[in-house]
Each structure stands twice: as C-alpha cells, then as structure tokens.
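Notes for the one structure printed next.
Number of protein chains: 4
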Amino acid sequence: MISKIERNKLNKEKSLFDAGYDLFINQGINDTSISQISKAAGVGKGTFYLYFKDKYDLLDRITIRKSSEILNEAQKITEERQLTLFTDQVDCFIESILMILENERLLLKLIHKNLSWPLLQKAIHDHDNIQSVYTMFKKGYIENILATENIDVSLYMIIELTGSIAYNAIIKQEPYDLETIKPHLFSTINKIIME
Amino acid sequence: MISKIERNKLNKEKSLFDAGYDLFINQGINDTSISQISKAAGVGKGTFYLYFKDKYDLLDRITIRKSSEILNEAQKITEERQLTLFTDQVDCFIESILMILENERLLLKLIHKNLSWPLLQKAIHDHDNIQSVYTMFKKGYIENILATENIDVSLYMIIELTGSIAYNAIIKQEPYDLETIKPHLFSTINKIIME
Amino acid sequence: MISKIERNKLNKEKSLFDAGYDLFINQGINDTSISQISKAAGVGKGTFYLYFKDKYDLLDRITIRKSSEILNEAQKITEERQLTLFTDQVDCFIESILMILENERLLLKLIHKNLSWPLLQKAIHDHDNIQSVYTMFKKGYIENILATENIDVSLYMIIELTGSIAYNAIIKQEPYDLETIKPHLFSTINKIIME
Amino acid sequence: MISKIERNKLNKEKSLFDAGYDLFINQGINDTSISQISKAAGVGKGTFYLYFKDKYDLLDRITIRKSSEILNEAQKITEERQLTLFTDQVDCFIESILMILENERLLLKLIHKNLSWPLLQKAIHDHDNIQSVYTMFKKGYIENILATENIDVSLYMIIELTGSIAYNAIIKQEPYDLETIKPHLFSTINKIIME
DNA sequence: TATGAATGAGAATTCATTCAT
DNA sequence: GATGAATGAATTCTCATTCAT
C-alpha cells in the first residue's frame, strides 16, 4: 500500500508532468519557463527541482512516456483486430500510429523534435507491453520464413521512416499530404520486410 | 561593377553568416546569442538586425545554404565518377552524402534539427545545379524502364530515410553505427527505386 | 519668388512635420522614433536632423502650430457669427474650442501633455491673426466698462481652465462628461470676466 | 504580528518606491531606468518586477500617494487654524497647497504631468482622512446657504485651476509668478463658490 | 518536503546619432 | 543638400536557481 505522503508526492510530480506537457505542446519548449510550469501545476517553484533536474529532464520524460503510449496503443489496436496475415498486421500497426499522430498533431510536433532512438529504446525497455510489438514481428517473420536476424534493423528503419514522413505529411503537409504518401509508405515498408 | 558600399554590405552579411555558422555548430543554437555572433563577426550588435530578423532567420538561411552545398557536392562527386549503372550512381550519391556528413558531424547535428522539406525545396529551387540530381534520377529511371511518375516521391523518401539514419548512426551511433546500417540502407534504397 | 531648391526643402520639412504629427497622435510620443518619422515622410534618416534638433524639437513645433490653429479657428467662427453681446462672443469662442477639441481628441491628448504657456505665447506672437482674440476681449471689456488691466490674467485663467476641463471631459470623461460640465464651465468663465 | 518575510517584503517595496521617487523628481521619468531604480534601492533588478509592472506603474503609485499627502497636509493645516469663516478656510486650504507645492517644486513637476482625476479619486477613496476636505466644504456650503449639489463640481474646478496655475507660476514662472497671480486665483475661487 | 521571494546575469531589441558617399 | 548603413550604449524584461523559512 502506498502512504499518504507517497501519494501526495506522486500527485505533485504528476501535476508538474501534466502541466509541462500542456505547456510544451501549446506554446513550445523555448517559450515555456519553469515558473509557468510550477504555477500551472499549482506547486511552488522550488518544488519543480525536487522532481526534475531542469526543463529538458522533464521534456525527455514526457517524450518517453508519450512515445511509448503511442506504440502501446497502436499495438493494442492491432491485436484486437486479430488479423492473420503478417503484412496486414504491420499495415494495421503503422496505420494506427499514423491515426494517433494525426489526432495529436501537437504531440507529434513535440516528440519529432525530441525523440531519439535511445529515448525510444528506453521506452521500450521500461514498458513491457511494448515488447509485444517485437513479438508480433518475430512471429510474422518466422511464419513467412524471413531472416529473423533482420527484425531489429527493419523495425528500426520502419519506425524512422514512418516518423519522418508522418511529421512532414501531418504537420507541414509537405511535400505530400498523408493520404498521398501513405500508399508509397506502405509499399516501402513491405519491401523493407520482404526480401 | 559593384560599388564600395555594396561590397562592404556583402562583407558584413558574410561575416555574420560565417560567425553564426561557427557558433551554432560549436556551442548550439540555444547557447548562442546575437551579441556573440556580432562580436565574432566584428560588427556592431545593431548591424545584425540590418541583415537578419533574428537568430532563427539566420539559422534558416544557414541550413538552406549548407544543405544545398552538401547535395551539390555529392552530385559533383557522382558525376565525376562517370558510372554507367543507375544503381551505382545512386549508391555513390548516397555514399557521398554520408561521407560528407560524417566529416561534418556538427553540421549534421545542426541541419538535422532544422532542415525541413520546405527549406530543402527552397534550396533546390534557388540552386540550379541541384537540378542535376533530379536529372540523374530521371535518366536512370528511363534507362531502367521504371515509372518516372514515382521519381519525386522516391527521391523524397530516400532523402528522408538517409537523413534520419545518418543522424542516428553518425551523431548518436545508436542503435547502429554507420558501417553496420549502411548495407541495410542501400538495400532499402534500391528496393524503393525498383518495383 | 521661391526657388526650386527652396521649395523642395520646404516639402521635406513639411513631410517630416506631417509624418511626425500623424505618428505622435496615433502611437504616442514615446513610441515614435525618428526612423519611423523619416520613413513615413519618405526622406532619409539623416534628413530629419537637417530640419529638427530632435524629436522634442519637432514636437514643440507641432504643438505650437496646432494650438494656434485651434485658437485661430475658434476666433474665425466667432467673428462670422457677428454676435453683439460680449458674453455671447466669449461663450461662442469657448464653445468653438471645445467643439474642435472634441473632433480632434488625439490632438487634444497631444497638446495637453505638451502645451505650456510659453509655447502658447510664442504661438500668439508668431501668428498675427490670433491677436484678434485679444482685440475681441479688449473691445468687450471696454463696452462693458470692465477693468481692462485684467484682460490678460482673465484670458489666461479662462484658457487654462478650459484646457484642463476639456482634457478630462473629452479624453477621460471623468469626473464629468463634457455636456455635464459645460454649464459650470461657462458660468465660471462669466464670473471670471465680470467683477 | 507581522512575519519577518512580510516585513522584508514591505521594506523592499518601500526602498523601490523611495528610490523611484528620488530619481523621477531629480532626473525625470524618461531618463530614469529600472536598473537605476533597483540599484538605488539596493535590490536586484528582478525584484523591481515583483512589486511593479513597469516604470509607469511605479510612477502612478507615487503620484497617487504624494498627491493625497499634499491634500492631507493642507487639510490638516487648515483644521489646526480653527478658522470660522468658510471663505477663510478655503483660502487657507488653497494657500497651504500652494505653499507645499512651492517647497516641493520637483514633486509639482512630477505630479502635474501625471496626475489625472481618476488617480486623484483613487487617492481620495483610499485615504479616509482626505474625506475631511469634503466635509469641510459641505459644512461651509450649508452655513452659507449655498447649493450643496454644486460642491463636487466646484471642488473639482477649484483643484484643476489651482493645479494648472500653480504649475505655470511655480515651475515656469510664466506668464505670472505666484505672488502676482494669487489674488486673481483666490478671487476666482471665491466666485466659483459663491453664486 | 515544500515554498516563493530574491537575485542578477544575460538575452533581445531599439534608437539617436554619425559620417562617408 | 540628402542619404542610409553602421554603431553600441542603453533599456526592458526574463528566468533558472538558491535558500531561509
């Protein structure tokens, strides 16, 4: 059981986290100060430093958490569909990611500028359920008699490409909007998987 | 003939541009102030504002200029090699880009965070010689009886993927270093081109 | 006859004067720079200094000119009405001033903050036709067998009181609006004149 | 009892207030910077912004405070004299104001440019003891069977006229010095009161 | 643990003024 | 006379961080 003090502590940290998230996506990182975050969180300015080293520490934690939430969510959607073909599963997974990002443009903006592979790996490591993405891929590779030693690198390239293209398509809508580039993206992803 | 004033103006602007570039890549954008740039350029602080709106205006111009220089350079190297096979040409082009970026890690760091497709298009538009990249691709597509209507989107995806992977491999060396990921990158690029 | 150069010079000075007036009343004195004035006047920045010592030199000249224009205008209106009673003349004169000021609130704001009696005396001295205000008063005093040695001080007090009250009533509308305070103002002015 | 922090806060604010007052009257508002005020107050530059929005916020507060102090002081002097005639009381009150202003020319300069009726009303509202000015007038009006509904507007005109004339006479000594204009001012004030 | 007043370095930006052309 | 590029001092204001309570 969690003590009252413990809970209170969590509350303050959560308040700061949420306030930071709100401010970062709505007014940008450069234009958000620790004062603002503390005030929005309803805690004292000094309290911020009890939980985070500085603005960028909070930012990193937000990026990790939110990124893994997206992957998690996309994985859950894919599982629920109970698709049998591996390529359908992958398409559904990517399609879900794109859908989520399209609904949360501001979040996309934030994580695109800050998400790095190390952070993502940390996310995957910390959140067990993301492992299932990997499991899904492994199962698909075996069923399709593909070289399993390529799973990691392929997954990496797929996520990089999807991330970049999603950012340009959704945020900048340049050089192609999402609907236009999607078929090309899916085609390329399938090529990456198949030998 | 160019007047003395005109020449002097160009000098000041160039000094600011060069000083900005130096400082941005060496100490980061956030940690570079306009005061520092002006001082390093040997001009008055107010002079900065005669040529640039703010720090980010200068940054954008640097990004455009340097990006197009990279593409330009890679194209020149590829041409000089007088390769006959289209796939060899593409490989050489990408290889050249990676080589340049590896030699200018700091520049890579700078442009990766700031290069957006609109900026790159501006660069391509402003610098005629970059057109030859496109020409090279077109010639290759025709020779290989590939669908030329896909040139644009393929080129776009190739550059995005190359950029992302180069950044991770060269700067972060995660999750793969450049030599490890390169074969996979080339393989994927070839798949993108071929149907 | 005026030479072409002379005319051109006058034009530049007039342009600066008009531009300064526009900017001063529309964005305030503190927020108007010599750069802005020069640009609005369509002349070089250095040209400003050929005609005015600084911003406040221009401001003083504007204040003088505009103040005397107001007195002039009010005097003209009064004369045209051909009133026979001195008190009617005075009422008409004050009424005209108030009307002009009400129509040019921004001007009122400008001159109230900057008009000083020395400036007004200069205006009266420089613009002969304002003398007729004095003449009107003198005639009225004699006809009404009033002590003419009090003309100066009475006129002074009347203009001071009118100016202050007009500013509060028209600009701030505090503590009374113009229609409310007017009868009291007229009553007081009449008392100032009559012994 | 007031806490140590609370006391310290008041001290800082008071230091800033006093420093601002000193600098404003001695070197003018435009030529006084927030840096100077903070330094003179012996507090950090940022501390200024904890207590005042900007220079003009401080200026307004100074104007209010000092104006009400003047009225207060004049009222106290008048009361102590225990004059029986209302006109004598009024004369004494005005005379006291002029005396105070004459002794504090710099303050007169400051408040004349910035004092507006709204500010003065705020001062009167915030400082109960100024109410006694109004009480004195009311008592006088009743004793002299004057229309009490005119008290407000008369008091307003008297203060406006006195303020304007005091400024010209004391600061500019134009067009009349204080001793010359005083009898006329008193005469006019009496006329304003009497019907 | 939690607070928030205090700090002062330092950032961006403006602007009057000069002077070579 | 007319210009406008160049200057750099000066100003405002922010903000991360500290620390006494």
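Protein chains in written order, with this note's numbering: chain S, 1006 to 1200; chain P, 1006 to 1200; chain L, 1006 to 1200; chain W, 1006 to 1200. The beta-carbon is built from N, C-alpha and C at its ideal position, and this holds for glycine as well. Keep in mind that this is a model prediction, so the values were computed, not measured.
Can you tell me whether residue i is buried or exposed, with buried defined as 16 or more other CB within 10 angstroms of its CB?
| i | result |
| --- | --- |
| S/T1037 | buried |
| S/E954 | Outside the displayed span of chain S (1006 to 1200) sits residue 954 of chain S, for which this structure offers no information. |
| W/Y1061 | exposed |
| P/M1162 | buried |
| P/Q1087 | exposed |
| S/N1149 | exposed |
| S/S1101 | buried |
| P/E1202 | As displayed, chain P neither begins before 1006 nor continues past 1200, which places residue 1202 of chain P out of reach and without an answer. |
| P/I1147 | exposed |
| S/G1025 | buried |
| W/G1047 | exposed |
| L/Y1083 | Correcting the residue identity first, residue 1083 of chain L is Thr in this sequence and not Tyr. By the 10 Å Cβ count, L/T1083 comes out buried. |
| S/Q1080 | buried |
| L/L1090 | exposed |
| S/G1145 | buried |
| W/M1006 | Because W/M1006 sits at a pLDDT of 45, beneath the cut-off of 50, its placement in the model cannot be relied upon, and the following sentence gives the value as read from the coordinates. By the 10 Å Cβ count, W/M1006 comes out exposed. |
| L/L1028 | buried |
Is the separation between the beta-carbon of residue i and that of residue j shorter than 9 Å?
| i | j | result |
| --- | --- | --- |
| L/S1073 | L/A1128 | yes |
| W/H1052 | W/L1115 | This sequence places Thr at residue 1052 of chain W; His is not what is there. No, the pair does not count as a contact, with Cβ atoms beyond the cut-off. |
| S/L1120 | S/G1168 | yes |
| S/G1183 | S/A1174 | In the sequence as presented, Gly is not what sits at residue 1183 of chain S; that position holds Leu. Yes, these two residues count as a Cβ contact at 9 Å. |
| W/L1202 | W/I1176 | In the structure displayed, chain W extends from 1006 to 1200; residue 1202 of chain W sits before or after that span and is not available. |
| L/L1076 | L/V1158 | no |
| L/W1122 | W/E1154 | no |
| P/K1194 | P/I1099 | The residue you asked about is not Lys; residue 1194 of chain P is Ile in the sequence shown. Going by C-beta atoms, P/I1194 is nearer than 9 Å to P/I1099. |
| P/K1058 | S/I1197 | no |
| L/N1035 | W/N1035 | yes |
Considering only the alpha carbon of each residue, which of the options lies closest to residue i?
| i | options | result |
| --- | --- | --- |
| L/I1030 | L/S1020, L/Y1056, L/L1064 and L/I1039 | L/L1064 |
| W/S1020 | W/A1045, W/I1176, W/T1193 and W/Q1032 | W/A1045 |
| S/Y1054 | S/I1039, S/M1199 and S/D1096 | S/I1039 |
| L/R1070 | L/T1092, L/T1185, L/K1143 and L/Q1126 | L/Q1126 |
| L/Q1094 | L/F1142, L/K1118, L/P1123 and L/Y1056 | L/F1142 |
| S/L1124 | S/G1033, S/R1066 and S/M1199 | S/R1066 |
| P/G1033 | P/H1117, P/I1156 and P/K1050 | P/H1117 |
| L/M1199 | L/M1104, L/T1140 and L/T1092 | L/T1092 |
| S/S1192 | S/Y1056, S/F1022, S/D1096 and S/S1043 | S/D1096 |
| S/M1104 | S/K1050, S/Y1172, S/S1043 and S/H1130 | S/Y1172 |
| L/I1078 | L/I1156, L/Y1181 and L/Q1136 | One detail in the question is off: residue 1078 of chain L reads as Glu in this sequence, not Ile. For L/E1078, the nearest C-alpha among the options comes from L/Q1136. |
| W/F1022 | W/K1050, W/G1049 and W/Y1056 | W/Y1056 |
Continuous alpha helix (DSSP H) assignments of at least 4 residues falling wholly in the stretch 1082-1148 of chain L: 1091-1108, 1110-1119, 1122-1131 and 1136-1148
Cβ contact check for the stretch 1157-1177 of chain S and the stretch 1105-1115 of chain P: 3 or more pairs under 8 Å: no
Secondary structure, alpha helix (DSSP H): runs of 4+ residues fully inside the stretch 1039-1090 of chain W: 1039-1046, 1050-1056 and 1060-1086
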